[in-house]
Amino acid sequence: MSHVMNTYARLPVAFVRGEGVWLWDQSGRKYLDGLAGIAVNTLGYGHPALSKALNARIASGIVHTSNLFQIPDQEAAADRIAEITGLDEVFFCNSGCEANEAAIKVARLYGHKRGVERPEIIVFEKAFHGRTLATLSATGSRKVQAGFEPLVSGFVRVPLDDLDAVRSIAAHNKNVVAVLIEPIQGEGGIHVSRMEYLRGLKEICDRNEWLFMADEVQCGLGRTGQWFVYQHAGISPDVVPLAKGLGGGVAVGACVTGNRAKGVFSPGKHGSTFGGNPLACTGVVATIDAMKGEKLLDNASTVGRVIREGLAQGLAGTAGFVEVRGMGLMIGVELDRPCGDIVTMALEAGLVLNVTADNVVRLLPPLVMSEAEGRQLVGLLVPVVKAFLARPAAAAPVSKAG
């Protein structure tokens, strides 16, 4: 009997070794990783620079002190993050939902400082911001929210890519103080915001002195070919929550602030026991430095294009295939039916991936994936999707593994 709480419908595979973009299970079977631990393992597995840095930190005996003291590794990590975001202040935490929770607190405190008694935040349909009570309330999924009512109030929901809906709220709701958006919705099905929409949203925020908060927990850190999606749009947010790929596999999150949000937090307003400990921040520094040195942003653009074009060509004309979409190495393959069973079928073919929004195959490979490995991914996935779509629709129930 396992004493692990039953909160995951786990697949019957345990990985015990990794190298580059490859994983091996307990029986020695090899798999191509198209998921990177859900966008976490930026540098893949066994990256020499990351491994060396983490080993040295552990060998020093200082893995954790606390935020009661100065932490040089945290200062170095904050410098790296400020440089790539273009913002000013970094609060360290342990996960994406904690980074978003901090962003929500920043927005509320910002609103109160402006004299707004009940600050509200505009959020989006199909968005995912986390599973704490505040972040699941901001999330646009009843599946995630169900059973945890009463939800936290203070969120106003609108459709993605609809500026008129936001303008209408601006005209009638004086409690709004911020907008929280995933520039690319990950859990929601790899929905890419139009760049002109992001620019228009930023203009509305500027006009009303709202905070523009870009949740780049999943889509940030070089995955799209720029450090952040907002950089594709040529805008500068006020708040950017980060996590997932930030530490190359080490658990770390960050809420980054600047512009209108600079200086909102002060001592005593927020905190985290483990946030920004020396081990986590060593992972941040090593990951960002390796990404720069190995030009992994350019690689994400190139390999992502190889995969998207290969999938679109390989699946063209297949009944049940809807489209391939995404940016860089954040890719979704939409089908016309629930396709959770593809997760198990792909594993049997030696490919790791997952399914989100019931009918979207999600690919988030390590950013070190080569063009040749990208073509291997296409070669593995296309036959799996075709085999799945060839089955009668009634024989394709949604798998809990997705």
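Just add 7 to the spot in the sequence shown (first one is 1) and you have the numbering used here.
All C-beta atoms, glycine included, are put in the ideal place defined by N, C-alpha and C.
Note down, in chain order, each residue of its chain lying with its Cβ closer than 6 Å to the Cβ of Ala83, except the 5 sequence neighbours on either side.
Along the sequence shown, read from residue 1 onward, the residue named residue 83 stands at position 76. Cβ within range, chain order: Val292.
Can we say the segment 303-317 touches the segment 263-279, given the rule of at least three CB pairs closer than 8 Å?
Look at the beta carbons and you see the segment 303-317 not touching the segment 263-279: under three pairs across the two are nearer than 8 Å.
Please report the straight-line C-alpha distance between Leu116 and Val163, rounded to a whole angstrom.
For the purposes of this step, residue 116 is taken as the residue at position 109 of the sequence shown. For the purposes of this step, residue 163 is taken as the residue at position 156 of the sequence shown. In this structure, the straight-line span from the alpha carbon of Leu116 to that of Val163 is close to 17 Å.
Apart from the five residues on each side of it in sequence, which residues of its chain come closer than 7 Å, Cβ to Cβ, to Thr289?
In the sequence shown, the residue the question calls residue 289 occupies position 282. Counting only Cβ-Cβ distances below 7 Å, and skipping sequence neighbours, we find Ala60, Leu61, Arg64 and Asp80.
Applying the 10 Å Cβ sphere with the 16-neighbour rule, what's the burial state of Asn366?
Residue mapping note: residue 366 aligns to position 359 of the sequence shown, counting from 1. Classification for Asn366: buried.
With a 10 Å radius around its C-beta and 16 neighbouring C-beta atoms as the bar for buried, classify Asp40 as buried or exposed.
Within the sequence shown, residue 40 is the residue found at index 33, counting from 1. Its Cβ being crowded by 16 or more others within 10 Å, Asp40 is buried.
Closest to Gly53 by CA distance: which of Arg24, Asn74, Ile69 and Ala66 is it?
By 1-based counting over the sequence shown, the position of residue 53 is 46. When C-alpha distances from Gly53 are compared across Arg24, Asn74, Ile69 and Ala66, the shortest belongs to Arg24.
Within the segment 123-157, note down every full beta strand (DSSP E) run reaching 3 residues or more, in order along the chain.
For the segment 123-157, whole beta strand (DSSP E) runs of length 3 or above, ordered along the chain, are 127-131.
Would you say Ser102 and Ala250 are within 8 Å of each other, going by their C-beta atoms?
Locating residue 102 in the sequence shown gives position 95, counting from the first residue. Locating residue 250 in the sequence shown gives position 243, counting from the first residue. In this structure, Ser102 sits near Ala250, with a CB-CB distance shorter than 8 Å.
Is it buried or exposed for Leu218, if we count other Cβ within 10 angstroms and need 16 for buried?
Working through the sequence shown from its first residue, we reach residue 218 at position 211. Burial call: buried.
Cβ-based neighbour list, Val184, same chain, cut-off 8 Å, excluding 5 preceding and 5 following
Locating residue 184 in the sequence shown gives position 177, counting from the first residue. For Val184, same chain residues with a beta-carbon under 8 Å away, outside a window of 5 residues either side, are Ala114, Arg115, Tyr117, Gly118, Arg121, Val123, Pro126, Glu127, Ile128, Trp217 and Leu218 in chain order.
The alpha helix (DSSP H) with Pro190 in it runs from where to where?
Residue mapping note: residue 190 aligns to position 183 of the sequence shown, counting from 1. Note, Pro190: premise wrong, no alpha helix (DSSP H); not H, not E.
Tell me whether the beta-carbon of Ile88 lies closer than 8 Å to the beta-carbon of Gly283.
Taking the first residue of the sequence shown as position 1, residue 88 is located at position 81. Taking the first residue of the sequence shown as position 1, residue 283 is located at position 276. Against a cut-off of 8 Å, the Cβ pair of Gly283 and Ile88 comes out as no contact.
How many Å lie between Gly229 and Leu396 at the Cα?
For this step, residue 229 is matched to residue 222 along the sequence shown. For this step, residue 396 is matched to residue 389 along the sequence shown. For Gly229 and Leu396, the distance between alpha carbons rounds to 33 Å.
Report yes or no: do the segment 352-368 and the segment 41-50 share at least 3 C-beta pairs separated by less than 8 Å?
Per the Cβ contact rule, the segment 352-368 is in contact with the segment 41-50 (3 or more Cβ pairs under 8 Å).
Where Ala403 sits in the DSSP three-state scheme:
Counting from 1 along the sequence shown, the entry for residue 403 is found at position 396. Only weak support exists for where Ala403 lies, its pLDDT of 43 falling under 50; the value from the coordinates is given anyway. For Ala403, the secondary structure class from DSSP, reduced to helix, strand or coil, is coil.
How big is the Cα-Cα spacing for Gln320 and Val368?
Sequence index remark: in the sequence shown, residue 320 carries index 313 (1-based). Sequence index remark: in the sequence shown, residue 368 carries index 361 (1-based). C-alpha of Gln320 to C-alpha of Val368: approximately 16 Å in a straight line.
Please work out which residues of its chain come closer than 7 Å, Cβ to Cβ, to Val20, disregarding the five sequence neighbours upstream and downstream, and give them in chain order.
Residue mapping note: residue 20 aligns to position 13 of the sequence shown, counting from 1. Contacts found: Asp32 and Leu354.
Roughly how far, in whole angstroms, is the beta-carbon of Lys209 from the beta-carbon of Ile242, given that I think they are within contact range, below 8 Å?
The residue given as residue 209 occupies position 202 in the sequence shown. The residue given as residue 242 occupies position 235 in the sequence shown. Yes, they are in contact, since the Cβ atoms of Lys209 and Ile242 sit about 5 Å apart, within 8 Å.
Helix, strand or coil at Lys181 according to DSSP, with G and I counted as helix:
Stepping through the sequence shown from its first residue, residue 181 is reached at position 174. Coil.
Quick check on the DSSP output: the beta strand (DSSP E) that includes Met12 runs from which residue to which?
Working through the sequence shown from its first residue, we reach residue 12 at position 5. Here Met12 belongs to no beta strand (DSSP E), and DSSP marks it neither H nor E.
Cβ-based neighbour list, Thr14, same chain, cut-off 6 Å, excluding 5 preceding and 5 following
Taking the sequence shown and counting its residues from 1, one reaches residue 14 at position 7. Hits under 6 Å: none found.
From what residue to what residue does the alpha helix (DSSP H) around Thr294 run?
The sequence position of residue 294 within the sequence shown is 287, counting from 1. Annotation: the continuous alpha helix (DSSP H) that includes Thr294 extends over Pro285 to Gly300.
Could you pull out every unbroken alpha helix (DSSP H) segment of at least 4 residues lying fully inside the segment 35-94, listed in chain order?
Entirely contained in the segment 35-94, the alpha helix (DSSP H) runs reaching 4 residues are, in chain order, 43-46, 55-66 and 79-92.
Three-state secondary structure (DSSP) at Asn306?
The residue you call residue 306 lines up with position 299 of the sequence shown. Looking at Asn306 - three-state DSSP - the assignment turns out to be helix.
What did DSSP end up calling Val28 once you bin it into helix, strand or coil?
As a working note, residue 28 is residue 21 in the sequence shown. Residue state, collapsed to three classes: coil.
Let me know the secondary structure DSSP gives Gly409 once reduced to three states.
The residue you call residue 409 lines up with position 402 of the sequence shown. With a pLDDT of 37 at Gly409, under the threshold of 50, the modelled position of that residue is not reliable, and the figure given next carries that caveat. Three-state result, Gly409: coil.
Using a Cβ-Cβ distance under 8 Å, would Arg398 count as near chain D?
As a matter of chain content, chain D is missing from the structure shown, which is built from one protein chain.
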